[in-house]
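S.K.: Residue numbers (the working numbering), protein chains in the order written: chain Y, 1 to 311; chain H, 1001 to 1311; chain A, 2001 to 2311.
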Amino acid sequence: MKFSTPQTLEQIASLLGIKYVGAADFPVTGMNEIHVVEPGDIVFVDHPKYYDKALNSKATIVLINKKVECPEGKALLISEEPFNDFNKLTKHFRPFVSASASISPSARIGKSTIIQPQVFIGNHVEIGENCLIHPNVTIYDHCVIGNNVQIHAGTVLGSDAFYYKNRPEGFDKLLSGGRVVIEDNVEIGALCTLDKGVTGDTTVKEGSKLDNQVHVGHDTVIGKKCLIASQTGIAGCVVIEDEVTLWGQVGVTSAATIGKKAVVLAQSGVSKSLAGGKTYFGSPADEARVKMKELANLRRIPELLKQKNQQ
Amino acid sequence: MKFSTPQTLEQIASLLGIKYVGAADFPVTGMNEIHVVEPGDIVFVDHPKYYDKALNSKATIVLINKKVECPEGKALLISEEPFNDFNKLTKHFRPFVSASASISPSARIGKSTIIQPQVFIGNHVEIGENCLIHPNVTIYDHCVIGNNVQIHAGTVLGSDAFYYKNRPEGFDKLLSGGRVVIEDNVEIGALCTLDKGVTGDTTVKEGSKLDNQVHVGHDTVIGKKCLIASQTGIAGCVVIEDEVTLWGQVGVTSAATIGKKAVVLAQSGVSKSLAGGKTYFGSPADEARVKMKELANLRRIPELLKQKNQQ
Amino acid sequence: MKFSTPQTLEQIASLLGIKYVGAADFPVTGMNEIHVVEPGDIVFVDHPKYYDKALNSKATIVLINKKVECPEGKALLISEEPFNDFNKLTKHFRPFVSASASISPSARIGKSTIIQPQVFIGNHVEIGENCLIHPNVTIYDHCVIGNNVQIHAGTVLGSDAFYYKNRPEGFDKLLSGGRVVIEDNVEIGALCTLDKGVTGDTTVKEGSKLDNQVHVGHDTVIGKKCLIASQTGIAGCVVIEDEVTLWGQVGVTSAATIGKKAVVLAQSGVSKSLAGGKTYFGSPADEARVKMKELANLRRIPELLKQKNQQ
């Protein structure tokens, strides 16, 4: 197997707590059995009878139980227990994938990523390292997930855009050729839906967090370090800039932009683009202080009516 | 196997690009192995040794590699490669069902329909032709789905009605004996819920499209060519007439009727029946132009208060 | 197997419609094969050749086809068909678990409970008797479910709390160490999410009913006999007292308390604690009669403006 991220000789030796022969930054890109090794691979050998075969194989790193002479252009990892250390590397670098998940052979899954049971992963999906994909998640073809991403149970990434042309004979569907791209350190709650892009990508940028039952439409971009609370719905082609907070059950109309560090209070309906750095409320949403004033004014109508009746 | 739709001799010959002997409209209703064939079935034979057996079987259509005399009341399909052509028909008419889907033996699935992994299909469910059921969908017993229907991941069809009688000792549940019926050319987004009818059916009529996370209550009828956007919730016993559009996060109270071609704007709450052909907004929803005027009036209270204070 | 609830000799005899020898309340805690039986277990024997072995085994209840002398400290169940009656008990007390569900070996599932296909049940989960868990449900580690509970398809119990500390380098997640606890006679609709508690439990008390697509945040407590309609979202640390009704698409802010028998109308936004016994509406929610008056007043602004213009 190839490591999802290339390693150095020193990183591998440090991981195993053993010594090495070669440059500290000697590249290590994977590990394999001796009959299929390639340059960049680690091969292991623990019997003098096979030393030559291992040292002369295509592998450029040899995990060996004796400090022998290092061949030109190669490196050695000196281990008392090459077998055990090889197993340690396998455990460290392989992803854990439940036997009852359905995963396309063309999907790529990074090391230390855990795929729980009954997850569906479509063709050409890429998932980075240290991710945790909870049960019953569905990931459609071509979605891309970064490192340290957690996706809670039942969430759907990559469903089709809700985008139809009204023709006399029925709705004509615009095909969705884009992807869903989830950057590093994002967490997505349970039972969310993120539609794929029609032509571009639906993107959630680095470090943003989505609560449960959030919907994100096609081609929408959610910036870095945003917080999106439960049951919020964001239509297609929306741009949410960095560090925006949307509280629960907010709705955002298509093609709106919400500026950096804006806060939208619960149940608000964003019907147009909003400037950053302010707090909004209402449906349609307005600045919260304006909206609160309006609500206070509404409560003063009785005194106006009373005065009118006295005149 | 029986075809989900009866074919004619000409249709089958045309599908295979081969010639036939018999009436163009000679009925072809399935295909099978020689020991179990019935009238209407295709049987194949490619060796003279077995010609008689095939021609005298109960099958009324013989796929054969020689133009022999056609028995009375039967038809021939003349193929250079009966084996390959028989396989072609199997591929064409069988549905594709993932091995990791859970499907009741009593469910019927039409040709060219694809069932993705981890789909659950209950007893006596009927699904038509050319449908695509995405992963992790759950279809309860007795639901009926037409042709050319697409259902996105995680959606649930046929959960129980939310209908209880409040008795001193606890809620008493009304049993749901109805079905969910999805007509042709409907598309349902990801993570939607459609409850089954209590006594009748919950129905989505021909050509309507539902976005993600839509909820439809028991016995509700959605007309033809409707558009229902994300996170809209429709209670039980609602009638939505044809060509209605409900935008995102709309709520509709139970037993309301929404007239033909009505448009309800996002986040509106439909608390009573609405006439067709108009646009509505607000919670409770009113005609959008009335509601917008109200919002404008609300902003004029300060000038009224100012005048009052001057008097 | 051990029964999920200890039985008495009389209960077992009555279940089988047979006679017994021993005290009516003689304890029966399980049943097993003769080589592994323990005190409290039923063993069966139907051939005189094995009578002694069964009567002298560690089992304290012997299901036997002859009224023999009862050993000291033991009890007999006298059956004409011990084999058939033993099978009846197995069927009665075993849970039915679909082969395509993924269930942790450490989960405990009570008798007569049905687990449908593609359900995921995590470590140390406890599920009581007579429950029905529909397909594609996900239950995270440590959740506890009582008796007579029904959970509809795709629902997620025990996802993480949405609770982050905003640090310059990114959001820091508060770990969720609590549980979700569902008491007896609760029904939860399809595609709901209930987050686990951070330190305590997220609890739904006896007899409450949740519709589809409801979200319940961490550490929230829903009282007895509550009705929560579809698409309602309840934030974390909320207390909903007994017999409260929340209609569709209601939102409740974190840490609010809603008093006993309160009713909150559809689409309302509960922004602060509400006293019991009243009906509320609006976003932010207020008493419904106050809110309806406000809406009526809003419609009288035009006459105030008209009068102003006449002055």
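Backbone N, C-alpha and C define an ideal beta-carbon position, used for all residues, glycine too. Nothing here was measured: the structure is a model prediction, and the numbers come from that model.
1. Tell me whether the beta-carbon of Y:Thr203 lies closer than 8 Å to the beta-carbon of Y:Ile222.
2. Which residues in the same chain as A:Pro2082 place their Cβ atom closer than 8 Å to its Cβ, once the five residues preceding and following it in sequence are excluded?
3. For a contact meaning CB atoms closer than 7 Å, what does A:Gly2248 contact in chain H?
4. What does H:Gly1269 touch in chain B if you count any residue whose Cβ is under 7 Å from its own?
5. Hey, would you say A:Asn2147 sits closer than 8 Å to A:Gly2110, going by beta carbons?
6. Using the three-state DSSP reduction, which class does Y:Thr199 fall into: helix, strand or coil?
7. Which residues, in order along the stretch 2095 to 2122 of chain A, keep a beta-carbon less than 8 Å from a beta-carbon of chain Y?
8. Taking one C-beta from the stretch 2090 to 2097 of chain A and one from the stretch 2144 to 2158 of chain A each time, how about it: are there three or more such pairs within less than 8 Å?
9. Please tell me whether Y:Gly178 has its Cβ less than 8 Å away from any Cβ of chain A.
10. How about Y:Asp160: is its C-beta nearer than 8 Å to some C-beta of chain H?
11. In whole angstroms, what is the alpha-carbon distance linking Y:Lys259 and H:Pro1006?
12. Which whole-angstrom value describes the C-beta separation of A:Val2250 and A:Ser2268, a residue pair presumed to lie in contact below a C-beta threshold of 8 Å?
13. A:Gly2277 to Y:Leu175, Cα distance in whole Å?
14. Go ahead and label A:Glu2241 buried or exposed: buried means 16 or more other beta carbons lie within 10 angstroms of its beta carbon, across all protein chains shown.
15. Run through the DSSP bridge pairs and tell me what H:Pro1027 is partnered with.
16. From the DSSP output, read off the bridge partner residues of Y:Phe162.
17. Just to confirm, is the Cβ distance from Y:Val144 to Y:Val119 under 8 Å?
18. How many whole angstroms separate the CB atoms of A:Glu2206 and A:Glu2243, which I take to be in contact at a CB cut-off of 8 Å?
19. For A:Ile2240, which residues does DSSP report across the bridge?
20. Among all the DSSP beta bridges, which residues are the ones paired with A:Gly2233?
21. Can you tell which of H:Ser1106, H:Val1263, H:Ser1230 and H:Val1216 has its C-alpha closest to the C-alpha of H:Lys1196?
22. Within the chosen definition, does the stretch 67 to 84 of chain Y reach the stretch 15 to 25 of chain Y through at least 3 CB pairs nearer than 8 Å?
23. Taking 8 Å as the CB-CB cut-off, is Y:Gln310 touching chain A?
24. Run down chain H in chain order and give the residues with a C-beta less than 9 Å from the C-beta of Y:Phe171.
25. Taking all protein chains shown into account, do 16 or more other C-beta atoms lie within 10 angstroms of the C-beta of A:Met2031, making it buried, or fewer, making it exposed?
26. Please work out which residues of its chain come closer than 6 Å, Cβ to Cβ, to H:Val1137, disregarding the five sequence neighbours upstream and downstream, and give them in chain order.
27. Quick check on the DSSP output: what are the complete beta strand (DSSP E) runs of length 3 or more inside the stretch 2075 to 2162 of chain A, in order along the chain?
28. Relative to the C-alpha of H:Ala1266, which candidate in Y:Thr253, Y:Ser273, Y:Ala275 and Y:Leu274 has its C-alpha closest?
29. Apart from the five residues on each side of it in sequence, which residues of its chain come closer than 8 Å, Cβ to Cβ, to Y:Ile78?
30. Alpha carbon to alpha carbon, how far is H:Asn1084 from H:Ile1012?
31. For A:Val2290, which three-state DSSP category applies?
32. Tell me the residue span of the beta strand (DSSP E) that contains Y:Ile301.
33. Does Y:Glu287 come within less than 8 Å of chain H when only Cβ atoms are used?
34. Alpha helix (DSSP H) containing A:Lys2053: first to last residue?
35. Return the CA-CA distance between Y:Thr323 and H:Leu1016, expressed in angstroms with no decimal places.
36. For A:Glu2129, is the classification buried or exposed, using 16 other Cβ atoms within 10 angstroms of its Cβ as the cut-off for buried?
M.R.: On the basis of the coordinates in this document:
1. Within the first sequence, the letter at position 203 stands for residue 203 of chain Y. Within the first sequence, the letter at position 222 stands for residue 222 of chain Y. In contact: Y:Thr203 and Y:Ile222 (Cβ atoms closer than 8 Å).
2. Counted from its first residue, the third sequence places residue 2082 of chain A at position 82. Contacts found: Phe2044, Val2045, Asp2046, Leu2063, Ile2064 and Asn2065.
3. Residue mapping note: residue 2248 of chain A aligns to position 248 of the third sequence, counting from 1. The contacting residues are Gly1233, Ala1235 and Gly1251.
4. Looking at the structure shown, chain B is missing, and the protein chains on hand are Y, H and A.
5. The sequence position of residue 2147 of chain A within the third sequence is 147, counting from 1. The sequence position of residue 2110 of chain A within the third sequence is 110, counting from 1. In contact: A:Asn2147 and A:Gly2110 (Cβ atoms closer than 8 Å).
6. Translated into positions along the first sequence, residue 199 of chain Y becomes position 199. Here Y:Thr199 sits in coil by DSSP.
7. Ser2100, Ser2102, Gln2118 and Phe2120
8. no
9. Walking along the first sequence from the start, residue 178 of chain Y turns up at place 178. By this cut-off, Y:Gly178 is not an interface position.
10. Numbered from its first residue, the first sequence carries residue 160 of chain Y at position 160. So, interface residue.
11. The residue you call residue 259 of chain Y lines up with position 259 of the first sequence. The residue you call residue 1006 of chain H lines up with position 6 of the second sequence. According to the sequence displayed, residue 259 of chain Y carries Gly and not Lys. The straight-line gap from Cα to Cα measures roughly 59 Å.
12. In the third sequence, residue 2250 of chain A corresponds to position 250, counting from 1. In the third sequence, residue 2268 of chain A corresponds to position 268, counting from 1. That belief holds up - the Cβ atoms of A:Val2250 and A:Ser2268 are roughly 5 Å apart, short of 8 Å.
13. Indexing the third sequence from 1 puts residue 2277 of chain A at position 277. Indexing the first sequence from 1 puts residue 175 of chain Y at position 175. The straight-line gap from Cα to Cα measures roughly 52 Å.
14. By 1-based counting over the third sequence, the position of residue 2241 of chain A is 241. By the 10 Å Cβ count, A:Glu2241 comes out buried.
15. Position 27 of the second sequence, counting from 1, holds the residue named residue 1027 of chain H. Paired residue(s): H:Thr1008.
16. Taking the first sequence and counting its residues from 1, the one referred to as residue 162 of chain Y is at position 162. Its beta-bridge partners do not exist; DSSP assigns none.
17. As a working note, residue 144 of chain Y is residue 144 in the first sequence. As a working note, residue 119 of chain Y is residue 119 in the first sequence. No, Cβ-Cβ distance for Y:Val144 and Y:Val119 is not below 8 Å.
18. Sequence index remark: in the third sequence, residue 2206 of chain A carries index 206 (1-based). Sequence index remark: in the third sequence, residue 2243 of chain A carries index 243 (1-based). Contact flag wrong, Cβ pair sits at about 11 Å.
19. As a working mapping, residue 2240 of chain A is identified with position 240 in the third sequence. DSSP output for A:Ile2240 lists A:Ile2222 and A:Ile2258 as bridge partner(s).
20. Within the third sequence, residue 2233 of chain A is the residue found at index 233, counting from 1. In DSSP, A:Gly2233 forms a bridge with A:His2215 and A:Gly2251.
21. Here residue 1196 of chain H corresponds to residue number 196 of the second sequence, with the count starting at 1. Looking at the Cα atoms, H:Val1216 is the closest of the given residues.
22. yes
23. Working through the first sequence from its first residue, we reach residue 310 of chain Y at position 310. Y:Gln310 is outside the set of residues whose beta carbon lies under 8 Å from a beta carbon in chain A.
24. Along the first sequence, one-based indexing puts residue 171 of chain Y at 171. Ordered by position in chain H, the residues that pass the 9 Å Cβ test against Y:Phe171 are Asn1185, Glu1187, Gly1207, Ser1208, Lys1209, Lys1225 and Leu1227.
25. To locate residue 2031 of chain A, count along the third sequence from 1; it is residue 31. Buried is the call here.
26. Sequence index remark: in the second sequence, residue 1137 of chain H carries index 137 (1-based). Sequence-distant partners of H:Val1137 (beyond 5 residues in either direction) whose C-beta falls short of 6 Å from its own C-beta, in its chain, are Val1119, Ile1151 and Thr1155.
27. Segments of the beta strand (DSSP E) lying fully in the stretch 2075 to 2162 of chain A: 2075 to 2078 and 2156 to 2159.
28. Looking up residue 1266 of chain H in the second sequence gives position 266. Answer by Cα proximity: Y:Thr253.
29. Indexing the first sequence from 1 puts residue 78 of chain Y at position 78. For Y:Ile78, same chain residues with a beta-carbon under 8 Å away, outside a window of 5 residues either side, are Ile18, Lys19, Tyr20, Val21, Ile64, Asn65, Lys66 and Lys67 in chain order.
30. Taking the second sequence and counting its residues from 1, the one referred to as residue 1084 of chain H is at position 84. Taking the second sequence and counting its residues from 1, the one referred to as residue 1012 of chain H is at position 12. Roughly 14 Å separates the two Cα atoms.
31. On the third sequence, residue 2290 of chain A is found 290 positions in, with the first residue counted as 1. In this structure, A:Val2290 counts as helix in the three-state DSSP scheme.
32. For the purposes of this step, residue 301 of chain Y is taken as the residue at position 301 of the first sequence. That residue, Y:Ile301, is in no beta strand (DSSP E); its alpha helix (DSSP H) goes Ile301 to Gln310.
33. Numbered from 1 along the first sequence, position 287 holds the residue referred to as residue 287 of chain Y. By the rule that beta-carbons nearer than 8 Å mark a contact, Y:Glu287 does not touch chain H.
34. Numbered from its first residue, the third sequence carries residue 2053 of chain A at position 53. Where A:Lys2053 is concerned, the enclosing alpha helix (DSSP H) stretches over Pro2048 to Leu2055.
35. There is no way to answer for residue 323 of chain Y, as the model of chain Y reaches only from 1 to 311.
36. Here residue 2129 of chain A corresponds to residue number 129 of the third sequence, with the count starting at 1. Label assigned to A:Glu2129: buried.
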